Amino acid sequence: MAINSGNIFNIWWQALRPKTLTLAVTPVLVGNALAYAKQGWLEGIPIFLTLIAAISVQVGTNLYNDAADFERGVDKPDRLGPNRVVATGQLSAKIVYRGAHLAFVLAWLAGSYLMWLGGWFIFFIALFSTLAGYAYTAGPKPISTTPFGELTVFLFFGVAAVVGTVYLQTGTVEQLSIIVGALVGMPAAGVLMVNNYRDSKNDSLAGRRTLAIVAGVTGSKIIFTFLITTPYLLGVFIYFTDQLSSAWLCLILLSFYSAFTIIKSFWQTSVSPAFNVILANTAKHQMYFGLLLSISFVLSRLKLLYL
14 MAINSGNIFN IWWQALRPKT LTLAVTPVLV GNALAYAKQG WLEGIPIFLT LIAAISVQVG
74 TNLYNDAADF ERGVDKPDRL GPNRVVATGQ LSAKIVYRGA HLAFVLAWLA GSYLMWLGGW
134 FIFFIALFST LAGYAYTAGP KPISTTPFGE LTVFLFFGVA AVVGTVYLQT GTVEQLSIIV
194 GALVGMPAAG VLMVNNYRDS KNDSLAGRRT LAIVAGVTGS KIIFTFLITT PYLLGVFIYF
254 TDQLSSAWLC LILLSFYSAF TIIKSFWQTS VSPAFNVILA NTAKHQMYFG LLLSISFVLS
314 RLKLLYL
């Protein structure tokens, strides 16, 4: 299919799913803020390369998912979610696969220095992150067809990303970085829950068994509520158990209204294209929550208010 060269940038931009790329940026931001709170300084090059690697892995996953889901007959032009470039014939599956492979190569190029810096620990995080990106859609039993998609997002866009980022700056792995990774990973998993709940009808017809399908309507709503609200409870746990915590941690409460709004929308909105707005707002909420958490860590280090 011939494509107008004037639109090619917009087509690829659409394929990258830019509204969800903040899911890769947020844990890196939070991890570096936590590292700063622990030691009072940061190395600049690891910050930049970690961002490149994290974004590249997500881009590669998104592109691979676009092409593979079309080939499996899951994504069709009449889907409720945003149009996919392969399903709508804007790009061929072959060229989108090439874009995915290029993104993963870029991630490893950026990560080569990080692996030299962080050793085997960072190598294995990079390896399993890449494998998860492929396995999410590829193989005889893709993760996206099982109830484990949200868990995968929680682990790799939450715990692993934050722990790895902190390790690159401090050389240590502690309980706090794991808990903070959970704080970031839960709303990230919530984004996928919105996506899978919206697509549950078509996914079921395609033979998928996502968490939204297994849990059902009410169960999905309860799980989504849990994923969005639990980070605030973990914030309370951090405040009372960790020496880095200060009253600045209360800044995360500024995002509680956005949490309440998306939870209310999830419960009250019928499955329709309106869930595309809920998905975008959930991604924004995760970014907003992560930004406030990062600011709280930096200010706690500066000890402008320490209670």
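Using my numbering, read the sequence shown as starting at 14 and increasing by one per residue. Quick reminder that beta carbons are idealized off the backbone N, C-alpha and C, glycines included. If you're wondering where the values come from, they're calculated on a predicted model, not measured in any experiment.
**Message:** Give me the residue from Leu205, Ala67, Thr274 with the minimum Cα distance to Ile156.
**Reply:** Looking up residue 156 in the sequence shown gives position 143. Distances from the alpha-carbon of Ile156 to those of Leu205, Ala67, Thr274 put Leu205 closest.
Answer with buried or exposed for Gly11, where buried requires no fewer than 16 other C-beta atoms within 10 angstroms of its C-beta.
Only positions 14 to 320 of the chain appear in this structure, which leaves residue 11 out of reach.
Inside the segment 245-285 only - alpha helix (DSSP H) runs reaching at least 4 residues: As far as the segment 245-285 is concerned, its whole alpha helix (DSSP H) runs of at least 4 residues are 269-281.
Can you give me the start and stop residues for the alpha helix (DSSP H) that Arg31 sits inside?
Working through the sequence shown from its first residue, we reach residue 31 at position 18. Per the sequence shown, the amino acid found at residue 31 is Pro instead of Arg. Note, Pro31: premise wrong, no alpha helix (DSSP H); not H, not E.
- Can you give the beta carbon distance from Ser313 to Leu42, rounded, assuming they're within the 8 Å contact cut? Here residue 313 corresponds to residue number 300 of the sequence shown, with the count starting at 1. Here residue 42 corresponds to residue number 29 of the sequence shown, with the count starting at 1. That pair is no contact at about 16 Å.
When we look at the beta-carbon of Phe250 and count the other beta-carbons within 10 Å, is it buried (16 or more) or exposed?
For this step, residue 250 is matched to residue 237 along the sequence shown. For Phe250, the number of other beta carbons within 10 angstroms of its own is below 16, and it is reported as exposed.
Reducing DSSP to helix, strand and coil, say where Val230 ends up. The sequence position of residue 230 within the sequence shown is 217, counting from 1. Residue state for Val230 is assigned as helix, using DSSP reduced to three classes.
Would Gly162 and Thr254 be called neighbours here (beta carbons separated by less than 9 Å)? On the sequence shown, position 149 is the one that residue 162 refers to. On the sequence shown, position 241 is the one that residue 254 refers to. Not in contact: Gly162 and Thr254 (Cβ atoms no closer than 9 Å).
* To do: Could you name the residues of the same chain whose beta carbon sits closer than 6 Å to that of Val70, not counting the 5 residues immediately before and after it, in chain order?
  => To locate residue 70, count along the sequence shown from 1; it is residue 57. Cβ neighbours of Val70 within its own chain (closer than 6 Å, five residues either side excluded): Ala120, Ser142, Gly146.
key: N-terminal and C-terminal residue of the alpha helix (DSSP H) that Pro59 is part of   = Along the sequence shown, read from residue 1 onward, the residue named residue 59 stands at position 46. Its alpha helix (DSSP H) spans residues 57-84.
Quiz prompt | Unbroken alpha helix (DSSP H) run spanning Ala148, endpoints | solution = On the sequence shown, position 135 is the one that residue 148 refers to. Ala148 -> alpha helix (DSSP H) spans 133-148.
- Can you name the start and end residues of the alpha helix (DSSP H) that Ser190 belongs to? Within the sequence shown, residue 190 is the residue found at index 177, counting from 1. Here the alpha helix (DSSP H) through Ser190 covers 188-211.
From Leu305 to Leu257, what distance separates their C-alpha atoms? The sequence position of residue 305 within the sequence shown is 292, counting from 1. The sequence position of residue 257 within the sequence shown is 244, counting from 1. Leu305 and Leu257: Cα-Cα distance of roughly 16 Å.
* Provide the residue span of the alpha helix (DSSP H) that contains Asn289, from first to last. => Position 276 of the sequence shown, counted from the first residue, corresponds to residue 289. Counting along the chain, the alpha helix (DSSP H) containing Asn289 begins and ends at 288-315.
Where does Val179 fall in DSSP's three states?
The residue you call residue 179 lines up with position 166 of the sequence shown. Val179 carries a helical assignment under DSSP once its states are collapsed to helix, strand and coil.
Please say whether Leu262 and Ser190 have beta carbons closer to each other than 9 Å?
Counting from one through the sequence shown, the residue named residue 190 turns up at place 177. Counting from one through the sequence shown, the residue named residue 262 turns up at place 249. Here Ser190 is not near Leu262, since their CB atoms are 9 Å or more apart.
Please tell me whether Ala225 and Asp212 are closer than 9 Å, where the distance is taken between their beta carbons. For the purposes of this step, residue 225 is taken as residue 212 along the sequence shown, with counting starting at 1. For the purposes of this step, residue 212 is taken as residue 199 along the sequence shown, with counting starting at 1. By the CB criterion at 9 Å, Ala225 and Asp212 fall inside the cutoff.
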